[in-house]
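Below is one structure; the comments refer to it alone.
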Amino acid sequence: MSKQRLNLKTVSTLAAGITVPNYDRSAVTAGIVHLGIGAFHRAHMAVYVDDLLSKDPSWGIVGASLRRPDTKDALEPQDGLYTIAVRDASGTHPRVIGSILKVMDANTERDALLDLMASPEVRIVSLTVTEKGYCYEPSTGDLDLNHADIQHDLSNPSVPKSAPGMLVEALARRKAAGIAPFTVMSCDNLPNNGQTAKRIVTAFAAKRDAELGEWVKGVAFPSTMVDRIVPSTTDADREEVARLIGAEDAWPIMTEPFTQWVIENNFPSGRPAFEEVGAQLVQDVEPFEHMKLRMLNGSHSTMAYAGYLGGYEYIAEVVGDEDYRELVHGLMTEEVIPTLDMPGVDLEAYRDQLLARFANPALKHRTWQIAMDGSQKLPQRLLGTIRDRLAAGQSIDRLALGVAAWMRYVMAIDEEGNEIDVRDPLALKLLAIAADAGEDPEAYFNGLVSIQSIFGTDLIDNEVFRNAVLEQLWSFWQNGAHETVANYQLSAQE
Ligand code: CS2
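Numbering-wise, the sequence shown is residues 1 to 494 according to my numbering.
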């Protein structure tokens, strides 16, 4: 029997014990526009904001999707309400979030969205547009002026498609109306995400108009380190949530108990009291970003590629395999931790906590999901650590295995000869390199390592890097993932 739909009318009739918004939703106004209203934002920032709306209702969120209208379609009939379901060994714990007032589709409501971003009530525009949404060169972090969306937006600045184009057009409207800029808060997994956003937005603005470029230099771009694991929602999840709350939710968000947010305290136009709801406000986020990107995300990507190739669907299965677990434990302990400078943080305890989070059996986090967009992720997750270690003359065996696993994965054929659905902005280029190389791993390696947007200009000529990655790639090619993961140390000692 079909159930009632979750919305403002039905929220008071949900199953007993479900936490629902504890504030007057009709009194909440929009102080934040969030670009990229995906599952991650809904499991992370929207929850912190939900926690503080009872004290300050002026910080509601209007979400915007730049690509697909599916979040809007799901949340509109629900008045923006949705469930987050926290999963651990004890079960699934649902809670209804009300901080997203509405979702706008940038493709059909572009002008209204830009006007809202230009209105004085909106003081923060936050972003989770993923790495590729920055339209940059991952190896340098500079705006990619050849990117099709950037070229479009420079020629048609008032109808932008890209995130930088949207931000600059909204800022231009504020400037024209004499309204102070909003603060741009990146919540993406990039090193120095605030500086990166600033570099891209100011470069785009300057290219558009020199005076605007100068004005945009005055905008604040705090960096943030965000952390919560959020697997994609499945139909089985939808059914479970409906059963638990007693209403249909078209798009509940499944997540883990852990959540962390470290924010650079730089909000000249004001901000919610994030520190009162669990966020950490600091002067310098960079060490936290390095720690998280290299420890968590570096391990994640290594497990995703080597695990997928080894036949594992979920991360919990990967760390459940002793050989893989040892690899990741060693990766963090021997190769990543020595590159980090985090006085006062117990990095071994952080590592153990990560391994426990990865092992959460209820989370069902797919290796394939994490494997997406590797060309955008590799530089900050593995290659930065590799560069630091090479400069210090230190070994890179396990890091090299991670890079080789990515190389083997993007050949797009698994060990059984089945096609891998490789999702990546460079997928066609990667396939062409594989086709050209044929049965020759060295030619394949040479083709991939010459992609400058990933590997920069230095790694191509580095013998240590070359030998280490090539050796692991040969092993993936000849022996398969399981054996490579089990024997990487032996081969490294030869
Ligand atoms: C993951 C991240 O999909 C991925 O690439 O590594 O989304 C990861 O789950 C989050 O960064 C955790 O905070």
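Backbone N, C-alpha and C fix where the C-beta goes; we use that ideal spot for every residue, glycine too.
Exercise for the section: Return the chain-ordered list of same chain residues with a C-beta closer than 6 Å to the C-beta of L244, the five sequence neighbours on each side being excluded. Expected result: Indexing the sequence shown from 1 puts residue 244 at position 244. Exclusion of the five residues before and after L244 leaves P94 as the residues of its chain whose Cβ lies within less than 6 Å of its Cβ.
Handout entry: T385 (DSSP reduced to helix, strand or coil)
Key = Numbered from its first residue, the sequence shown carries residue 385 at position 385. Here T385 sits in helix by DSSP.
Handout entry: N-terminal and C-terminal residue of the beta strand (DSSP E) that S65 is part of
Key = One-based indexing of the sequence shown puts residue 65 at position 65. Annotation: the continuous beta strand (DSSP E) that includes S65 extends over 60-65.
Problem - Which residues DSSP lists as bridging T19, in chain order - result: Sequence index remark: in the sequence shown, residue 19 carries index 19 (1-based). The bridge partners DSSP lists for T19 are R95.
Exercise for the section: Pick out whichever of G63, Y444, Q489 has its Cα sitting closest to the Cα of I396. Expected result: As a first step, residue 396 is located in the sequence shown; it is residue number 396 there, counting from the start. Comparing Cα-Cα distances from I396 to each of G63, Y444, Q489, the minimum goes to Q489.
Problem - N-terminal and C-terminal residue of the alpha helix (DSSP H) that D436 is part of - result: Looking up residue 436 in the sequence shown gives position 436. Element bounds for D436: 427-437.
Exercise for the section: Alpha carbon to alpha carbon, how far is N265 from R25? Give it in angstroms, no decimals. Expected result: Counting from 1 along the sequence shown, the entry for residue 25 is found at position 25. Counting from 1 along the sequence shown, the entry for residue 265 is found at position 265. Cα-Cα distance, rounded: 28 Å.
Practice task
Flag this pair as yes or no: are the beta carbons of T367 and Y312 separated by less than 7 Å?
Solution key: Taking the sequence shown and counting its residues from 1, the one referred to as residue 367 is at position 367. Taking the sequence shown and counting its residues from 1, the one referred to as residue 312 is at position 312. For T367 and Y312, yes; Cβs fall inside 7 Å.
Exercise for the section: Tell me whether the beta-carbon of V11 lies closer than 7 Å to the beta-carbon of V20. Expected result: Sequence index remark: in the sequence shown, residue 11 carries index 11 (1-based). Sequence index remark: in the sequence shown, residue 20 carries index 20 (1-based). If you check the CB distance, V11 and V20 come in under 7 Å.
Problem - Entirely enclosed beta strand (DSSP E) segments - the region 76-132, minimum 3 residues - result: Taking only runs of at least 3 residues, the beta strand (DSSP E) segments lying wholly in the region 76-132 are 82-88, 91-97, 100-105, 124-127.
Exercise for the section: State the DSSP-derived secondary structure class of A27, mapped to helix, strand or coil. Expected result: As a position in the sequence shown, residue 27 is number 27, starting the count at 1. Note: A27 maps to helix in three-state DSSP.
Handout entry: Cβ contact (3+ pairs, closer than 8 Å) linking the region 55-69 and the region 205-221
Key = As far as the Cβ criterion goes, the region 55-69 does not touch the region 205-221, which means the pair count is below three.
Exercise for the section: Identify, in the order they occur along the chain, each residue of the same chain with its Cβ nearer than 6 Å to the Cβ of T183, setting aside the five sequence neighbours on each side. Expected result: As a position in the sequence shown, residue 183 is number 183, starting the count at 1. The answer, listed in chain order, is I124, A220, F267, S269.
Practice task
Determine the extent of the beta strand (DSSP E) in which E264 is found, giving its start and end residues.
Solution key: Along the sequence shown, one-based indexing puts residue 264 at 264. It spans 260-264 - the beta strand (DSSP E) in which E264 sits, taken as one unbroken run.
Practice task
For R466, verify whether its CB is less than 6 Å away from any heavy atom of the ligand CS2.
Solution key: Locating residue 466 in the sequence shown gives position 466, where the first residue counts as 1. No, the beta carbon of R466 sits no closer than 6 Å to any heavy atom of the ligand CS2.
Problem - Inter-residue spacing [alpha-carbon to alpha-carbon] between L81 and M117 - result: Here residue 81 refers to the residue found at position 81 of the sequence shown. Here residue 117 refers to the residue found at position 117 of the sequence shown. When rounded, the distance between both Cα atoms is 22 Å.
Practice task
Whole angstroms is fine: what's the gap from A400's alpha carbon to A46's?
Solution key: To locate residue 400, count along the sequence shown from 1; it is residue 400. To locate residue 46, count along the sequence shown from 1; it is residue 46. Cα to Cα, the separation comes out at about 37 Å.
Exercise for the section: Return yes when the C-beta of I229 is under 6 Å from any heavy atom of the ligand CS2, and no when it is not. Expected result: Along the sequence shown, read from residue 1 onward, the residue named residue 229 stands at position 229. In this structure, the C-beta of I229 approaches the ligand CS2 to less than 6 Å from one of its heavy atoms.
Practice task
Using only alpha-carbon positions, find the residue among N418, Q380, M411, S453 that is nearest to D436.
Solution key: For the purposes of this step, residue 436 is taken as residue 436 along the sequence shown, with counting starting at 1. Of the listed residues, the one whose Cα sits closest to D436 is M411.
Practice task
Please confirm whether G307 and H482 have their CB atoms less than 7 Å apart.
Solution key: To locate residue 307, count along the sequence shown from 1; it is residue 307. To locate residue 482, count along the sequence shown from 1; it is residue 482. At a Cβ-Cβ threshold of 7 Å, G307 and H482 do not count as neighbours.
Practice task
Measure the C-alpha to C-alpha separation of D458 and F465 and round it to an integer number of angstroms.
Solution key: Position 458 of the sequence shown, counting from 1, holds the residue named residue 458. Position 465 of the sequence shown, counting from 1, holds the residue named residue 465. Spanning the two alpha carbons is a distance of roughly 10 Å.
Practice task
Please specify which runs of the alpha helix (DSSP H), each continuous and at least 4 residues long, are wholly inside the region 211-297, giving them in chain order.
Solution key: For the region 211-297, whole alpha helix (DSSP H) runs of length 4 or above, ordered along the chain, are 235-245, 286-291.
Exercise for the section: Compute the minimum distance between the beta carbon of I370 and the heavy atoms of the ligand CS2, and state whether it is under 6 Å. Expected result: Translated into positions along the sequence shown, residue 370 becomes position 370. Indeed, a heavy atom of the ligand CS2 lies less than 6 Å from the Cβ.
Exercise for the section: Identify, in the order they occur along the chain, each residue of the same chain with its Cβ nearer than 7 Å to the Cβ of R110, setting aside the five sequence neighbours on each side. Expected result: As a position in the sequence shown, residue 110 is number 110, starting the count at 1. Around R110, the same chain offers V159 as residues with beta carbons nearer than 7 Å, after the five sequence neighbours per side are excluded.
Practice task
Answer yes or no: do G36 and L127 have a C-beta to C-beta separation smaller than 7 Å?
Solution key: Your numbering for residue 36 matches position 36 in the sequence shown. Your numbering for residue 127 matches position 127 in the sequence shown. In this structure, the beta-carbon distance from G36 to L127 falls below 7 Å.
Handout entry: C-alpha distance - T484 paired with I454, whole-angstrom precision
Key = For this step, residue 484 is matched to residue 484 along the sequence shown. For this step, residue 454 is matched to residue 454 along the sequence shown. Approximately 24 Å between the Cα atoms of the pair.
Exercise for the section: Starting from V184, follow the beta strand (DSSP E) in both directions and report where the run begins and ends. Expected result: Along the sequence shown, one-based indexing puts residue 184 at 184. 183-186 is the span of the beta strand (DSSP E), which, as asked, contains V184.
Handout entry: E419 in three-state terms, based on DSSP
Key = Looking up residue 419 in the sequence shown gives position 419. Secondary structure of E419 (DSSP, three-state): strand.
Practice task
Pull up the DSSP beta-bridge partners for I413, would you.
Solution key: Taking the sequence shown and counting its residues from 1, the one referred to as residue 413 is at position 413. For I413, the beta-bridge partners assigned by DSSP are E419.
Problem - Other residues of its chain near E286: CB distance less than 8 Å, five sequence neighbours each side excluded - result: The count along the sequence shown starts at 1 and reaches residue 286 at position 286. These residues qualify, in order along the chain: P191, N192, S223.
Exercise for the section: Taking the CB atoms as reference points, tell me whether I370 and H300 lie closer together than 7 Å. Expected result: Counting from 1 along the sequence shown, the entry for residue 370 is found at position 370. Counting from 1 along the sequence shown, the entry for residue 300 is found at position 300. Yes, the pair counts as a contact, with Cβ atoms nearer than the cut-off.
Practice task
For the alpha helix (DSSP H) holding D323, just list the boundary residues, first then last.
Solution key: Translated into positions along the sequence shown, residue 323 becomes position 323. Annotation: the continuous alpha helix (DSSP H) that includes D323 extends over 322-330.
Handout entry: Cross-strand partners of Y314 (DSSP beta bridge)
Key = Working through the sequence shown from its first residue, we reach residue 314 at position 314. Looking at the DSSP output, Y314 bridges to R366.
Handout entry: Outcome for L428 when other beta-carbon atoms lying within 10 angstroms are tallied against a minimum of 16
Key = Within the sequence shown, numbered from 1, the residue matching residue 428 stands at position 428. The residue in question, L428, is exposed, as its Cβ has fewer than 16 Cβ neighbours within 10 Å.
Handout entry: For L8 and V241, the rounded distance between their alpha carbons
Key = Numbered from its first residue, the sequence shown carries residue 241 at position 241. Numbered from its first residue, the sequence shown carries residue 8 at position 8. Near 17 Å, if we compare the C-alpha coordinates of L8 and V241.
Handout entry: R351 (DSSP reduced to helix, strand or coil)
Key = Mapped onto the sequence shown, residue 351 falls at position 351. Three-state DSSP puts R351 in a helix.
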